[in-house]
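Undergrad: Take a look at this one; I'll ask things after.
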Amino acid sequence: GESVGLHLPTLSVQEGDNSIINCAYSNSASDYFIWYKQESGKGPQFIIDIRSNMDKRQGQRVTVLLNKTVKHLSLQIAATQPGDSAVYFCAERGNQGGKLIFGQGTELSVKP
Amino acid sequence: EPEVTQTPSHQVTQMGQEVILRCVPISNHLYFYWYRQILGQKVEFLVSFYNNEISEKSEIFDDQFSVERPDGSNFTLKIRSTKLEDSAMYFCASRVPGLATGGSYNEQFFGPGTRLTVL
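Spelled out as structure tokens, the structure:
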């Protein structure tokens with residue numbers, strides 16, 4: 220029979236606009252969170268991470284915000300470019316061993 | 720820049736056959752992982768490996784799966800008797816122990832993946 224994959228949430232933005240991708244995580248004990256970017260046919264690529272004792276961290280054109288009260292993580296991309304088009308996954312580290320628990324993913328589409 | 724490599728990029732096999740997926744982690748890394756991603760779905764943890772033994776495994780990682788670090792560079796995932804539902808992308812990842820360098824705290828570096836198709 221035919222298998223049906225999950226329908227990813229999508230975000231479509233105009234080139235140059237800012238993008239905000241949201242994620243809800245599950246484990247209040249998670250101490251470390253990461254955003255990964257995955258382009259078609261490739262492995263997840265690290266974007267930015269944040270530890271649970273922080274609520275904001277900035278990188279180059281990207282900012283991650285962590286709200287532990289509501290278990291919410293967001294990724295902000297400034298001046299979004301066509302090369303930013305990809306699926307973005309948040310991940311939480313469940314324990315010290317490093318196992319990552321990935322979220323569902325959001326597909327970002329940048330219109331030129 | 721050092722990277723995780725995986726071979727083959729695509730493996731096609733018949734149901735019931737054994738497959739071995741190969742990974743070469745980054746050379747100074749000590750923690751190794753396998754994840755899989757069924758088409759269109761999220762990435763799922765399979766197993767973690769440290770100090771020559773499995774440190775954690777998921778429910779997916781049943782008796783049909785095994786991992787090995789046969790030498791100082793390779794890290795393999797074996798599926799003894801493949802099933803149709805094993806069809807997926809399989810990603811290897813590795814990291815250094817403790818704090819990472821270069822701005823991240825504990826980054827896992829992922830390889831490009833092996834696409835396994837079971838017919």
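Going down the list, the protein sequences come from chains A and B. So for the first sequence, our numbering puts the first residue at 220; every next one is plus one. So for the second sequence, our numbering puts the first residue at 720; every next one is plus one. Heads up, the beta-carbon is just placed ideally off N, CA and C, and yes, glycines get one too.
For a contact defined as C-beta to C-beta under 9 Å, what are the partners of residue 302 (chain A) on chain B?
TA: The premise fails here: residue 302 (chain A) is roughly 18 Å from chain B at the closest Cβ pair, so nothing lies under 9 Å.
Undergrad: Could you run through the stretch 734-757 of chain B and flag, in chain order, every residue whose CB is less than 8 Å away from some CB of chain A?
TA: Here the close residues are 750, 752, 754 and 757.
Undergrad: Count the other CB atoms, across all protein chains shown, that sit within 10 Å of the CB of residue 808 (chain B); report buried if there are 16 or more and exposed otherwise.
TA: Note on residue 808 (chain B): 16 or more other CB atoms within 10 angstroms of its CB, so buried under the neighbour-count rule.
Undergrad: What residues from chain A crowd round residue 830 (chain B), counting only those whose CB sits closer than 8 Å?
TA: 262
Undergrad: Mind checking the stretch 769-780 of chain B against chain A and listing, in chain order, the residues whose C-beta falls within less than 7 Å of any C-beta there?
TA: Residues 774 and 775.
Undergrad: Taking residue 816 (chain B) and residue 749 (chain B) to be in contact with their CB atoms under 8 Å, please state how far apart those CB atoms are, rounded to whole angstroms.
TA: Between residue 749 (chain B) and residue 816 (chain B) the Cβ distance is about 5 Å, and since that is below 8 Å, they are a contact.
Undergrad: Quick one: what's got a C-beta closer than 6 Å to residue 326 (chain A)'s C-beta in the same chain, skipping five residues either side?
TA: Answer for residue 326 (chain A): 227, 229 and 306, listed in chain order.
Undergrad: Which first and last residues belong to the beta strand (DSSP E) in which residue 305 (chain A) is found?
TA: 305-312
Undergrad: Mind listing the chain A neighbours of residue 762 (chain B)? Cutoff is C-beta to C-beta under 7 Å, in chain order.
TA: For residue 762 (chain B), the chain A residues whose Cβ falls inside 7 Å of its Cβ are 263, 308 and 321, in order along the chain.
Undergrad: How many Å lie between residue 232 (chain A) and residue 328 (chain A) at the Cα?
TA: 6 Å
Undergrad: Excluding sequence positions up to five away, which residues of its chain have a Cβ less than 7 Å from the Cβ of residue 747 (chain B)?
TA: 815
Undergrad: Does the CB of residue 810 (chain B) have a neighbour CB from chain A at under 7 Å?
TA: yes
Undergrad: For residue 303 (chain A), count neighbouring C-beta atoms within 10 Å of its own C-beta (all shown protein chains included) and say buried if the count is 16 or more, exposed if not.
TA: buried
Undergrad: Between residue 235 (chain A) and chain B, is the shortest Cβ-Cβ distance under 7 Å, so that the two count as touching?
TA: no
Undergrad: Taking Cβ to Cβ, would you say residue 745 (chain B) is nearer than 7 Å to residue 828 (chain B)?
TA: yes
Undergrad: Between the C-alpha atoms of residue 278 (chain A) and residue 805 (chain B), what's the straight-line distance to the nearest angstrom?
TA: 37 Å
Undergrad: Give the secondary structure of residue 327 (chain A) by DSSP, where H, G and I count as helix, E and B as strand, and everything else as coil.
TA: strand
Undergrad: Can you name the residues that DSSP bridges to residue 264 (chain A)?
TA: A:256
Undergrad: Would you verify that the beta carbon of residue 816 (chain B) is, or is not, closer than 7 Å to some beta carbon of chain A?
TA: no
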